[in-house]
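Residue numbers (our numbering): 16 to 283.
Backbone N, C-alpha and C fix where the C-beta goes; we use that ideal spot for every residue, glycine too.
For reference, the structure is listed below as structure tokens.
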């Protein structure tokens, strides 16, 4: 049974014309959600992608920045409502690092009713991930790794797909050499690209620990990846983003370059 990648959002923290970067991996009737964006827009994106809350049992939050974490609070709220109504079967498992678990639980306790909070630890469970730790998610081997961010503690992961191919998620910062075992030769590399290299003076990606399209494509070529997917971008020219990013990136990357729009899907 092959997996499918659904890109729920493609934008950086400041976007208003698309949703913050997050995605889901589908296998059969189940979904693995990776990050949740910055608010209840996650509910809209899931609805537009025809993904029911009752199909989401495993979630990974890479780090504690608002544009990745706050959508999780809405997700917890709505899934607990589904649990209380009897429509949600089983358990919701949230994977994240230890510091992030503490942050998320603090927000939950401050913002959700006690009748919801009391289900945390029972039907809604946090599982702490550690560097180089392996889990089974959607029945697939997933290895988490600390990206060693200087901004906020953050994890990425590598998943072995049913076909034997690999998908590697580097979070929302550039590739680092310690990630080589997970990224080299991967079939799918998900890498941030804050803006065009031609617009680096306007958006100043390097000041924010991000890259440009040219940089990301050079990294993809050096790592010999088959499919390079760019996300976590600015949104000032969204209608032409795909064409502009592809035109800048193709001279530097000979594989399959993908610049998705929100809700675009890919067979893995």
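Item                                                                                                                                                                                : Value
In the DSSP assignment, find the unbroken alpha helix (DSSP H) run with residue 56 in it and report its ends.                                                                       : 56-63
Between residue 243 and residue 129, what straight-line distance do the alpha-carbon atoms span, to the nearest angstrom?                                                           : 44 Å
Please list the terminal residues of the continuous alpha helix (DSSP H) segment that includes residue 215.                                                                         : 215-218
Is it buried or exposed, residue 284, if we count other Cβ atoms within 10 angstroms and call 16 or more buried?                                                                    : With the chain covering only 16 through 283, there is no way to say anything about residue 284.
Taking DSSP as the reference, what is the three-state secondary structure of residue 171?                                                                                           : strand
State the start and end residues of the unbroken alpha helix (DSSP H) segment that holds residue 99.                                                                                : 81-100
With 16 as the cutoff for other CB atoms within 10 Å, does residue 53 come out buried or exposed?                                                                                   : buried
Three or more C-beta pairs closer than 8 Å, one from the segment 86-103 and one from the segment 170-183: is that the case here?                                                    : no
Would you identify the three-state DSSP class for residue 115, choosing helix, strand or coil?                                                                                      : helix
Rounded to whole angstroms, what's the CA-CA distance from residue 28 to residue 257? Just pull it up for me.                                                                       : 19 Å
Just checking my contact of residue 189 with residue 158 at CB under 8 Å: how many whole Å lie between their CB atoms?                                                              : The pair is not a contact, with the Cβ atoms about 20 Å apart (cut-off 8 Å).
From the DSSP output, in three-state form, read off residue 235 for me.                                                                                                             : helix
Tell me which residue opens and which closes the alpha helix (DSSP H) that residue 259 is part of.                                                                                  : 253-264
Leaving aside the five residues before and after residue 215 along the sequence, list all residues of the same chain whose C-beta is less than 6 Å from its C-beta, in chain order. : 227
Taking the alpha helix (DSSP H) that residue 197 belongs to, which residues open and close that run?                                                                                : 195-198
Output needed for residue 22: all residues of its chain with C-beta closer than 6 Å, excluding positions within five of it in sequence on either side, in chain order.              : 38, 275 and 279
Give the DSSP bridge partners of residue 156, in chain order.                                                                                                                       : 151
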